[in-house]
Amino acid sequence: MTSRDEFDLPEPPDEDLAPPEDSWTPPPEGLVPAPFPASTPTDGNGAGDALTLSDELSARIGKVTGTLLSTQIKAIAETQLAELLTPEIYQRIEELSRRRLAAELETQLVAEAQAADEAENPPTTVFGSTEEFVRVRLSPGYRRDVIDNHEIRWCPQWWRHEEAISRLEALWRTWEHFRRDPTTGMSVWWRDHADHHMSVLMSSEGPFSKCSVQHGHHTADNAIAPLPTDPAPAEMFPDTRNL
């Protein structure tokens, strides 16, 4: 084996054999970032915190995404609408808007004028009394078989029944009101007023139950007695006129 002495090589200096010095120096105080605090997992493995963060992040992403989509959709719609709105179409829209506004204003003015006129000049009635209404309008217009059909009762002297007077006057007053509505006025009157009150009056258990067309108004012997009532304690229903 050849030795170092055979080549006459110089000995290396001691500093070449020493390990290199560490050149790292610590950063100045205050520049070292603080370590992240250790989190306490809710279920022992950190899954709870990760799930909470994921839900919150998903909600924010969804909100931002929805806003962006709405903005983009609105921009697209406005762009397409602007392309469709030619000067002719725009002029047509303005004309239709003016017509609609004028019609609404006219309707409002007519209604206000009519209300003011009715306040100053109350409308007159077609009939002068309940009796005239029953004789001229109700009797010819509301026909029923009250002779052979014993399930339907009628008293020719209806004006001797207090309930009949009240109901038939209500029919007259409502008829005078609804006749001014040319659209659904009469339909409402027949459905909600005439059919209701006449069915009660002509019922076999109504106020005409002891009367008949053949025999007329009931006699005193078979008159329907008033509903029996017992006097209530005076303090229970004080007279409101004295309050």
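To convert, count from 1 in the sequence shown and add 29; that's our numbering. All residues carry an ideal CB built from backbone N, CA and C; glycine is no exception.
Inter-residue distance for D268 and T258 is about 18 Å (C-alpha atoms, whole angstroms).
DSSP places E124 inside the alpha helix (DSSP H), whose first and last residues are P116 to E149.
For H226, same chain residues with a beta-carbon under 8 Å away, outside a window of 5 residues either side, are R196, L197, A199 and L200 in chain order. Less than 7 Å separates the beta-carbon of P236 from that of H190. Taking C-alpha positions only, G214 is separated from E124 by approximately 35 Å. Just so you know, the alpha carbons of E234 and A142 end up roughly 48 Å apart. For E234, no alpha helix (DSSP H) segment is defined, and its DSSP state is neither H nor E. Exclusion of the five residues before and after W183 leaves V175, M231, F237 and V242 as the residues of its chain whose Cβ lies within less than 7 Å of its Cβ. Between E205 and T153, the CB-CB gap reaches or exceeds 7 Å. Taking K239 as the centre and dropping the five residues before and after it, the same chain places the C-beta of H247, N251, A252 and I253 closer than 7 Å to its C-beta, in chain order. By the criterion of a C-beta distance shorter than 7 Å, V217 is surrounded in its chain by F207, once the five residues flanking it on both sides are discounted. Going by beta carbons, I181 and R173 fall inside the 7 Å limit. Proximity to F156 across E147, N150, R166 and A148 peaks at R166, based on C-alpha coordinates. C-alpha of D210 to C-alpha of V229: approximately 26 Å in a straight line. Its Cα nearest to that of R164, the residue Q186 stands out among Q186, N150, E149 and D177. When rounded, the separation of the alpha-carbon atoms in H222 and R202 is 10 Å. In the DSSP assignment, no residue is bridged to S168. If you draw a straight line from the Cα of E135 to the Cα of N150, it is about 22 Å long. Linking D146 to E192 through their CA atoms gives a straight-line distance of about 35 Å. A straight-line Cα-Cα distance of about 31 Å links P255 and P169.
As a beta-bridge residue in DSSP terms, G245 pairs with S241.
The three-state reading of DSSP puts W183 in coil, since its state is none of H, G, I, E or B.
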